[in-house]
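939 is the number of the first residue of the sequence shown in our numbering; add one for each residue after it.
Cβ atoms here follow ideal geometry from the backbone N, Cα and C, with glycine treated the same way.
These figures come from a predicted structure and were not determined experimentally.
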Amino acid sequence: MTRARSDIDVRPITEPELPEWLRAVNTGFLRSAVVAEAEIEARRATFGDGRWTGAFDGDRCVATFKSFAQEVTAVGGALVPADAITGVTVTATHRRRGLLTRMMTRDLAEAKERGDVVATLIAAEYRIYGRYGFGPATRTTTWEVDLPRTGLDPRGPDLGQGRIDLVDADVVRKIGPEVHDRVRRTTPGAVSRDDMWWQVNTGAVRYDPKWTEPFWALYRAPDGTPEGLVSYEIDDKWGDAKQPLNTATVRHLLAATPAAERALWHYLCSIDWVVRLRSGDRAPDDLLPDLLPDPRAARITTQADWLWVRILDVRRALEARSYGGEGALVLELLDPTGLAGGRYLLEASPTGGSCTTTTRGPDLTLDVRELAALWLGDESVTRLAALGRVHEQRAGAGRLADALLSPSRRPWCPDMF
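Here you go:
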């Protein structure tokens, strides 16, 4: 017998319920319902650091939701406290009963009360999260590079006094966080990584049965400073004529300087026996294609939305970022949930801005999800106005907003969470 909607208990889970919660996550993501003991133990280690919610039909978990503390880099480099959402599932037998709405509503209200400025997630499905005020704030692009066609010197990069070394996971766990911190502070849309990220992604904690050890290459500047790090794997494929047809696939590449980025990409493009390179998830304006003498050697294989943002505190979100000039705008913000709606006066400058509530007439009217898409500068007010998603109340306000909000480089989130 199917229980009524009111009989489904939505609540924070206890640690003994973690295996059942993980089983429900696997079911929701269409994976094997069997949960490895290694994964259970690894998750127990971080249980106190997250906010784990389950919906229970009797003793069976039928929906899951988790959030945890995160920082997101705003335009200009400020680190903004965020409520990062992950592990969202509803079992197929219990859809359309409002379970996600109950879990999301509770989590966002608690995040706002805690003082989080935004909420973030990576959306598996596009059409779900707009109704909760989220908008796609960054995008991702992946390339496949035909290496013989690039025109690069196959002997490898000219490093000058710098160097590239293959390193093991122990070195990565020591040096990687430093490199990542440098990169994320200059990359709008980048998010923080905790120690468990480094443990899992270097194999110190292994609960994925498909885990394989990658190669790690570290770039050091002439003074010895670590400035770039890449992890990659290479398959083992040969043609019938004993010709190598191997593909190198990048898992993660971080570069704190253009020199490090150029050196690491050229290194990857010159590994013996490798004829194809897959870039992994990169920023839409990544340098990779134009670092090649023949940029047509790189073709786009994926281009999609990536990090989604939900504004919780409009004033702090707009004051956290810098702007492309000076100007003032009155924004009429619509938010059916009541979390972030109102009328706000933004007075912007290249060094920052101030944001206050106001009774002045609006220059632009928009939903909170559209402000989320605009916050990191990867969307255009003029474009959204053409789509009917932003309404210009004062002539020229859209052009002014675009001039103020656009960053010098497109935002990018290097991580999945």
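Among the residues of its own chain, which have a CB less than 6 angstroms from the CB of residue i, if the five just before and after it don't count?
{"i": "residue 993", "result": "946, 948, 1000, 1001, 1037"}
{"i": "residue 1061", "result": "1067, 1246"}
{"i": "residue 1024", "result": "1004, 1355"}
{"i": "residue 989", "result": "1005"}
{"i": "residue 958", "result": "999"}
{"i": "residue 1235", "result": "1083, 1084, 1087, 1088"}
{"i": "residue 979", "result": "none"}
Starting from the Cα of residue i, find the closest Cα among the options and give me that residue.
{"i": "residue 1102", "options": "1209, 1129, 961", "result": "1209"}
{"i": "residue 1121", "options": "1187, 1228, 1195, 1321", "result": "1195"}
{"i": "residue 1074", "options": "1157, 1341, 1318", "result": "1318"}
{"i": "residue 1298", "options": "1184, 1277, 1288, 1331", "result": "1331"}
{"i": "residue 1218", "options": "1083, 1228, 1262", "result": "1083"}
{"i": "residue 1307", "options": "1328, 1292, 1288", "result": "1328"}
{"i": "residue 1244", "options": "1351, 1225, 1337, 1215", "result": "1351"}
{"i": "residue 1293", "options": "1271, 1311, 1169", "result": "1271"}
{"i": "residue 1255", "options": "1190, 1274, 1056, 1233", "result": "1056"}
{"i": "residue 1167", "options": "1114, 1213, 1337", "result": "1114"}
{"i": "residue 1181", "options": "1192, 1170, 1155, 1213", "result": "1213"}
{"i": "residue 1283", "options": "1276, 1273, 1303", "result": "1303"}
{"i": "residue 1145", "options": "1321, 972, 1333, 1342", "result": "972"}
{"i": "residue 1010", "options": "1200, 1186, 1124, 1170", "result": "1124"}
{"i": "residue 1211", "options": "1198, 1174, 1097, 1190", "result": "1174"}
{"i": "residue 1154", "options": "1310, 1190, 969", "result": "1190"}
{"i": "residue 1280", "options": "974, 1300, 965, 1128", "result": "1300"}
{"i": "residue 1077", "options": "1316, 1340, 1152, 995", "result": "1316"}
Going along the chain, which residues of its own chain have a beta-carbon closer than 7 angstroms to the beta-carbon of residue i, five neighbours each way excluded?
{"i": "residue 1366", "result": "Residue coverage of the chain in this structure runs from 939 to 1355, which leaves residue 1366 outside it and unanswerable."}
{"i": "residue 1347", "result": "1223"}
{"i": "residue 1367", "result": "Residue 1367 falls outside the range modelled here, since the chain spans only 939 to 1355, and no answer is possible."}
{"i": "residue 984", "result": "1134"}
{"i": "residue 1227", "result": "1081, 1233, 1236"}
{"i": "residue 1136", "result": "1111, 1114, 1115"}
{"i": "residue 966", "result": "1002, 1027, 1028, 1029"}
Assign residue i to one of two classes, buried (16 or more other C-beta atoms within 10 Å of its C-beta) or exposed (fewer than that).
{"i": "residue 1250", "result": "buried"}
{"i": "residue 1008", "result": "buried"}
{"i": "residue 1314", "result": "buried"}
{"i": "residue 1126", "result": "buried"}
{"i": "residue 1072", "result": "buried"}
{"i": "residue 1200", "result": "buried"}
{"i": "residue 1312", "result": "buried"}
{"i": "residue 970", "result": "exposed"}
Is there at least one non-hydrogen atom of the ligand MN closer than 8 angstroms to the beta-carbon of residue i?
{"i": "residue 1212", "result": "As presented, the structure is devoid of all ligands, the ligand MN included, so that no description of it is given."}
Ordered along the chain, which non-local residues of its own chain (more than five positions away) have a Cβ less than 8 angstroms from that of residue i?
{"i": "residue 1139", "result": "1169, 1189, 1190"}
{"i": "residue 1106", "result": "1154"}
Continuous alpha helix (DSSP H) assignments of at least 4 residues falling wholly in the segment 996-1070: As far as the segment 996-1070 is concerned, its whole alpha helix (DSSP H) runs of at least 4 residues are 1037-1052.
Any contact of the segment 1086-1093 with the segment 1198-1217, i.e. 3+ C-beta pairs under 8 angstroms? yes
Examine the Cβ distances between the segment 1262-1270 and the segment 1222-1241 and report whether three or more of them are shorter than 8 angstroms. With the cut-off at 8 angstroms, the segment 1262-1270 and the segment 1222-1241 do not touch.
Quick test of the definition: if touching needs 3 or more C-beta pairs under 8 angstroms, does the segment 1016-1036 touch the segment 1045-1061? The segment 1016-1036 makes contact with the segment 1045-1061, as at least three CB pairs between them are under 8 angstroms.
Alpha helix (DSSP H) runs wholly inside the segment 958-989, at least 4 long, in chain order: 975-983
Entirely enclosed alpha helix (DSSP H) segments - the segment 1230-1279, minimum 4 residues: 1252-1258
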